[in-house]
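Residue numbers (our numbering): 78 to 565. From the three backbone atoms N, C-alpha and C, an ideal C-beta is built for every residue, glycine too. Since this is a predicted model, take the numbers as computed values, not measurements.
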């Protein structure tokens, strides 16, 4: 008994020493510095009017004041299958944190067994091969309990948990990146649909006007005022415009189907009533570039993956150090079931073991180099994500500024083209010009009107993309903490 206490005390002493002097190897994570510009270049000479707050908040699509868009956007977070997949991936990442943490605790196994055996009567070498024994079959009843624990002496498990937590946080940011992407794509498709509705209405009005012009031309031909050529030209113009109208119908149907997919509905059962686009881009708070790093979920995900890869360096370095394992076995064992759980049938053993890899052919060195290279790659990916974020804001600020000016000039072109149609039509009725002149100015006017509608749609798209580039009102403070992702 005294010897057993000595062995148990030694094992406990080793465990306490391991915990008391344990350390965490590998570099501690420090976010690499990023130089952010003081202001957006494309916002210097022109600026979207800003509300009182200088940052997006909540449901960003409400800035567009479109109740139909609001209703559709709310369905993205409920029914979009791509977003559900991203959320499932996040839950998987949280489970991996639990797997890593499990290595910090002892492993306890309990079993029960029975075996009946008989040894050979002839044992030993050839000199005793002729001897016979009196071995009889015996029964063996076992009830073992085994406990094994590997203290995290060098912080390998702690680094693995740290890496898993950062990875889970990155996955949470991926969910928000996916959410913003699907919401933005829905808004883009929605305004594209409304742009097509406006084009459809314009072409329908034009077809009606060309029908009237064709009737007028036929009457003039019947009166002998004009030739058959004018009638054919008017018919050609009408059919060409009708073909354009049909083409818009195809594009609208496909865009409507895309919206159905984004809100998780079958395209066969989803439809939106026509409503021509008649709005302009809303006021969008831009803020300052330095705040962008905390407002983009994709940048946050890249930063968290960088932290995860940094922790993996510590995991690789910990493999250079010895592994200490504490083990305890005990239970009851007897050849008779009636004596199975009696005190004399007990057995136990306890003791630590230390193992160290003395040669592995360069495996650990290669794994450490791999971990460091992975970290360097994640740093480059993070910095690239930051640069891409700045580019996205600048691109769409430029688009909004330039498209606003283009829209103003295009509206002037539409007004001039419509005046030209009226003047040329009057000249045709007076017999001073041919019908070809009328067709020419009508075509120019129609093209200018279509261009004006498309520019308006592009302005709305640029507004949506600017909001996406600004993070859609998300904030890094919304990421779950390391403690939160460690919870079951």
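What three-state label does DSSP hand residue i in the structure shown?
i	result
residue 77	Past the boundaries of the shown model lies residue 77; the chain is included only from 78 to 565, so the question cannot be answered.
residue 207	With a pLDDT of 47 at residue 207, under the threshold of 50, the modelled position of this residue cannot be trusted; read the value that follows with caution. Residue state, collapsed to three classes: coil.
residue 401	strand
residue 332	helix
residue 420	helix
residue 321	helix
residue 347	coil
residue 142	coil
residue 112	coil
residue 558	coil
residue 426	strand
residue 552	coil
residue 563	helix
residue 547	coil
residue 512	helix
residue 338	helix
residue 315	helix
residue 154	helix
residue 540	helix
residue 326	helix
residue 148	helix
residue 308	helix
residue 517	helix
residue 119	helix
residue 105	coil
residue 523	helix
Give the range of the alpha helix (DSSP H) segment to which residue i is assigned.
i	result
residue 191	Element bounds for residue 191: not the alpha helix (DSSP H) but the beta strand (DSSP E), 190 to 194.
residue 294	233 to 299
residue 387	374 to 395
residue 505	440 to 507
residue 365	That residue, residue 365, is in no alpha helix (DSSP H); it is neither H nor E in DSSP.
residue 159	158 to 179
Measuring straight from C-alpha to C-alpha, what distance separates residue i and residue j?
i	j	result
residue 85	residue 430	Because residue 85 carries a pLDDT of 44, less than 50, the predicted location of this residue cannot be relied on, and the following value inherits that uncertainty. Straight-line Cα distance between these residues: approximately 13 Å.
residue 92	residue 400	Low confidence applies to residue 92: its pLDDT is 47, below 50, so where it sits in the model is not reliable, and the reading given next is rough at best. If I take the Cα positions, the gap works out to 12 Å.
residue 560	residue 353	50 Å
residue 372	residue 519	49 Å
residue 114	residue 478	20 Å
residue 467	residue 149	29 Å
residue 134	residue 552	9 Å
residue 247	residue 172	14 Å
residue 304	residue 522	25 Å
residue 449	residue 243	17 Å
residue 377	residue 441	31 Å
residue 536	residue 343	30 Å
residue 138	residue 178	41 Å
residue 300	residue 489	38 Å
residue 180	residue 231	13 Å
residue 346	residue 285	31 Å
residue 112	residue 473	21 Å
residue 326	residue 109	52 Å
residue 187	residue 159	43 Å
residue 514	residue 293	16 Å
residue 234	residue 397	14 Å
residue 258	residue 361	18 Å
residue 51	residue 309	Nothing can be reported for residue 51, as the shown portion of the chain is limited to 78 through 565.
residue 350	residue 272	13 Å
residue 306	residue 287	16 Å
Run through the DSSP bridge pairs and tell me what residue i is partnered with.
i	result
residue 215	194
residue 531	Paired residue(s): none; residue 531 is not in a bridge.
residue 226	403
residue 432	400
residue 566	Residue 566 falls outside the range modelled here, since the chain spans only 78 to 565, and no answer is possible.
Could you round the C-beta distance between residue i and residue j to whole angstroms and report it? I think they count as a contact, below 8 Å.
i	j	result
residue 549	residue 260	7 Å
residue 254	residue 375	5 Å
residue 539	residue 480	6 Å
residue 445	residue 385	Their Cβ separation, rounded to whole angstroms, is 16 Å, which puts residue 445 and residue 385 out of contact at 8 Å.
residue 402	residue 227	5 Å
residue 184	residue 237	Contact flag wrong, Cβ pair sits at about 16 Å.
residue 275	residue 530	5 Å
residue 217	residue 194	7 Å
residue 340	residue 103	That pair is no contact at about 46 Å.
residue 336	residue 265	Not really, about 10 Å apart at Cβ, beyond 8 Å.
residue 291	residue 315	6 Å
In the DSSP assignment, find the unbroken beta strand (DSSP E) run with residue i in it and report its ends.
i	result
residue 186	184 to 187
Using a threshold of 7 Å, is the CB atom of residue i nearer than that to any non-hydrogen atom of the ligand ADP?
i	result
residue 274	No copy of the ligand ADP appears in this structure; indeed no ligand is present at all.
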